[in-house]
Every structure is written in C-alpha cells, then in structure tokens.
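In our numbering, the protein residues as written are 15 to 153.
Ideal Cβ positions, reconstructed from N, Cα and C, are used throughout, including at glycine.
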Amino acid sequence: GYICNLRITNLVSLYNDHFGVPTAPLPKLAGTCLLTFTDPTIKDKADDRTNMTVFGDTKMQTFSPFQLVNTGAAAYFDGDGDYCAVNQDEFDTSFQFGNLSFTVEGWIYAQSNSTMGIIDTRPSASATDFNISITNARL
Numbered sequence: 015g016y017i018c019n020l021r022i023t024n025l026v027s028l029y030n031d032h033f034g035v036p037t038a039p040l041p042k043l044a045g046t047c048l049l050t051f052t053d054p055t056i057k058d059k060a061d062d063r064t065n066m067t068v069f070g071d072t073k074m075q076t077f078s079p080f081q082l083v084n085t086g087a088a089a090y091f092d093g094d095g096d097y098c099a100v101n102q103d104e105f106d107t108s109f110q111f112g113n114l115s116f117t118v119e120g121w122i123y124a125q126s127n128s129t130m131g132i133i134d135t136r137p138s139a140s141a142t143d144f145n146i147s148i149t150n151a152r153l
C-alpha cells in the first residue's frame, strides 16, 4: 500500500473540530517531530530531522491523493518486509507523548485487507504506546 503526508506533532492538538482534507503536501508546523512522504524522497522534513532507516524495497512513487502528480508522492510498501524505522534514542526523546497533546495524520491507501501495522510506536506487542493498523479490513 501507500502512505503520503505523514506528520506527527508533539504537544500540539491540531484538530479539535471538523477539518478539511488536504489538497497539497502538509507543511511543517510548530511541534512537528516527523514530516515525511511528502515529495520524491524518504526523509524527515521536521526541524529535528529524525533519522529513518528504510528496510526492504520501500520506495517513493508518483502516486498521491492530489490531482497533480508533481505536487506529491507516496511511499510504496509492497507487503514483503518493507518498513521504515526510527532509532530508539530519537524515539525516546521525540515520540513519547504520555498524557500530553499530539496529532498523527497522513493519507493511507491500503491495497489489502490483511492485518498489517501502519504506524507502531510500541517497543513490543504488549506495550501500551499507540499503534495504527488494519485488522479484519478495518483501520
């Protein structure tokens, strides 16, 4: 499947009411700790520049929710060992939200109803941090 416009903000709750669907790649805002999959490169565009490691044959493709192909791109994950990871030290300092405000947003186009993790901040399956996944064809 595809992921585009992935933005995570810490200490900021961006949406408290209705919101519009983005029509262009998301911008960097105050509190952004990860902003990626917005152009043809797999890199973080947030101020702190989280180091991401790419596994498998994850790649950017000119496929996005936007009408004009040149305004966006999406990371393609074929389901065979593809994923991106953030190193543990950066995770411990940037992505531990606790009871504070945060926002996780992005565009996800799943090509399968199989159970799959999309975003997982848990160090183990039994941990209590958050994860976003597809299970039984539901997000």
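Might you give, ordered along the chain, the residues of its own chain that have their beta carbon closer than 6 Å to the beta carbon of residue i, omitting 5 neighbours on each side?
i	result
T129	T149
Q125	G15
T64	L48, D58, V100 and E104
I22	C47, L48 and V118
D71	none
T67	A99
Could you check where the beta strand (DSSP E) with residue i kicks off and where it finishes?
i	result
V68	M66 to F69
T23	Y16 to N24
N145	N145 to I148
Y97	Y97 to V100
L49	T46 to T50
Can you check DSSP and say which residues form a bridge with residue i?
i	result
A89	I17 and M74
R63	Paired residue(s): none; R63 is not in a bridge.
Y123	Y16
T37	None; T37 has no bridge partner.
I133	I146
F80	In DSSP, F80 forms no bridge with anything.
What whole-angstrom Cβ distance do residue i and residue j have, given they're in contact under 8 Å?
i	j	result
K42	L48	Wrong, their Cβ atoms sit about 10 Å apart, outside the cutoff.
A89	I56	6 Å
Taking 8 Å as the limit between beta carbons, can you name the residues of its chain near residue i, skipping five residues before and five after?
i	result
L25	G45, L114, S115 and F116
Less than 7 Å between C-beta atoms, sequence neighbours within five positions excluded: which residues of the same chain meet that for residue i?
i	result
Q75	A87, A88 and Y90
D62	C47 and S108
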